[in-house]
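Below is one structure, written out as structure tokens, with a few remarks after it.
In the numbering used here, the protein residues as written are 107 to 493.
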């Protein structure tokens, strides 16, 4: 599934200084800046005339470029600074202060403060560009390590979507995998607590451990134990550097040729099963604790069998989908939507969910989103699992 260009995807003008341009999501358009300049200047002029103290109120304009520097572009801040200085000079020419020194002091103060406002805007924009570059690099790294859809095994054909957030929020730690193994197809979807590069580091530790353990461990419980140990090792390592230790919610599946599959849910969202008759969550019982927290429970993690018919579709997702909110704050009703989409071909479900999510949230998505759509592979390829 193709991605929109960054600016188009976030609803941002491609012209950084066009009439509707913003420096970032939530920034200022030129129309807003012009409204502030003209509106505040007019308000001060009317107030000054009404009170007979026009010169006393005009210098308050000097703080306007400072406000614009916090959200606007460098050019917008510079225009506001020039405007402010010219208005103050004009006000002093019309109604000068008692002596030349006072007039010169007001002008000097305005030029100095507005110059600092431009410097502030330059520094802020550079910092935002660097943060954006790092976010984009982190998201690109995730896309390189996570295999593109569709994923194919002997038992499964896996479609899906993965959309990291690159603006307004650091990318998160969503990962997924579906692998052919000597024991059947094994599937992982996981979400690391927190965001940013540390979360990505923990996610990659889990992903690497899964790719190794899924091939070597004969039971699903042993695979999950390996994932638990990888999170503990990662947390022990990052603790030495003072970084925050993290836990990972995960759902791990074992799917063979039979109509019964197995799952271990480590604090993750339950899977959804779509058949011709209904769409709803699979009852896997009470979820075990997330990876990294097994020591808090006395009960070992065990695999739960569930029915996965050959004509059914299984959907796995992270909370970036289920916790998407509309402008009123209501959560995205995934199960309700899936009821109406259960007759769609598996390859169309992920794009449909993606489009519907953006419409539901008015394109203001603030978390990574990962979704796997698992369907029985009716024409299994010649795949030899890695021994």
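Yeah, the Cβ is synthetic: ideal placement off N, Cα and C, and Gly gets one too.
query                                                                                                                : result
Sheet register partners of residue 442 (DSSP bridge)                                                                 : Bridge partners of residue 442: none, in fact.
Other residues of its chain near residue 139: CB distance less than 8 Å, five sequence neighbours each side excluded : 174, 178, 182, 185, 186
Straight-line Cα distance separating residue 200 from residue 214                                                    : 18 Å
Spatial distance of residue 222 from residue 166 (CA atoms)                                                          : 16 Å
Residue 316 - containing beta strand (DSSP E), residue span                                                          : First-last for residue 316: 303 to 322, but that is the alpha helix (DSSP H), not the beta strand (DSSP E).
Alpha carbon of residue 358 to alpha carbon of residue 434, nearest angstrom                                         : 34 Å
Beta-carbon gap between residue 292 and residue 361 smaller than 9 Å                                                 : yes
Bounding residues of the alpha helix (DSSP H) (the contiguous stretch that carries residue 425)                      : 425 to 428
Under the three-state DSSP convention, the category residue 353 falls into                                           : coil
Proximity below 9 Å, CB of residue 397 to CB of residue 377                                                          : no
From 381, 386, 407, residue whose alpha carbon lies closest to that of residue 392                                   : 407
Own chain partners of residue 297 with C-beta closer than 6 Å, once the 5 adjacent residues on each side are dropped : 280, 355, 424
Boundaries (first-last residue) of the beta strand (DSSP E) holding residue 378                                      : 378 to 380
Range covered by the alpha helix (DSSP H) that runs through residue 182                                              : 180 to 200
Residue 476 (DSSP reduced to helix, strand or coil)                                                                  : strand
Among 365, 387, 463, the one whose alpha carbon lies nearest that of residue 290                                     : 365
Distance between beta carbons of residue 443 and residue 462, contact taken as under 8 Å                             : 6 Å
Counted within 10 angstroms of its Cβ, other Cβ atoms place residue 205 as buried (16 or more) or exposed            : exposed
Sub-9 Å separation of residue 262 and residue 483 beta-carbons                                                       : yes
Distance between residue 336 and residue 322 (C-alpha atoms, nearest Å)                                              : 15 Å
N- and C-terminal bounds of the beta strand (DSSP E) containing residue 369                                          : 366 to 372
Residue 296 - partner residues in DSSP beta bridges                                                                  : 281, 356
For residue 464, the three-state DSSP class (helix, strand or coil)                                                  : helix
Own chain partners of residue 209 with C-beta closer than 6 Å, once the 5 adjacent residues on each side are dropped : 198, 202, 203
C-beta contact flag for residue 305 and residue 352 at 9 Å                                                           : yes
Selection from 228, 190, 233 that minimises the alpha carbon distance to residue 212                                 : 190
Buried/exposed call for residue 475, threshold 16 Cβ in 10 Å                                                         : buried
Separation of residue 402 from residue 283, as counted between CA atoms                                              : 27 Å
Option in 451, 153, 427, 144 with minimal Cα separation from residue 268                                             : 427
Span of the beta strand (DSSP E) around residue 410                                                                  : 410 to 413
Nearest residue (CA-CA) to residue 481, options 313, 469, 453                                                        : 453
Cα-Cα separation, residue 343 to residue 217                                                                         : 52 Å
Limits of the alpha helix (DSSP H) - the one that residue 269 falls within                                           : It is not in any alpha helix (DSSP H) - residue 269 instead sits in the beta strand (DSSP E) that spans 262 to 269.
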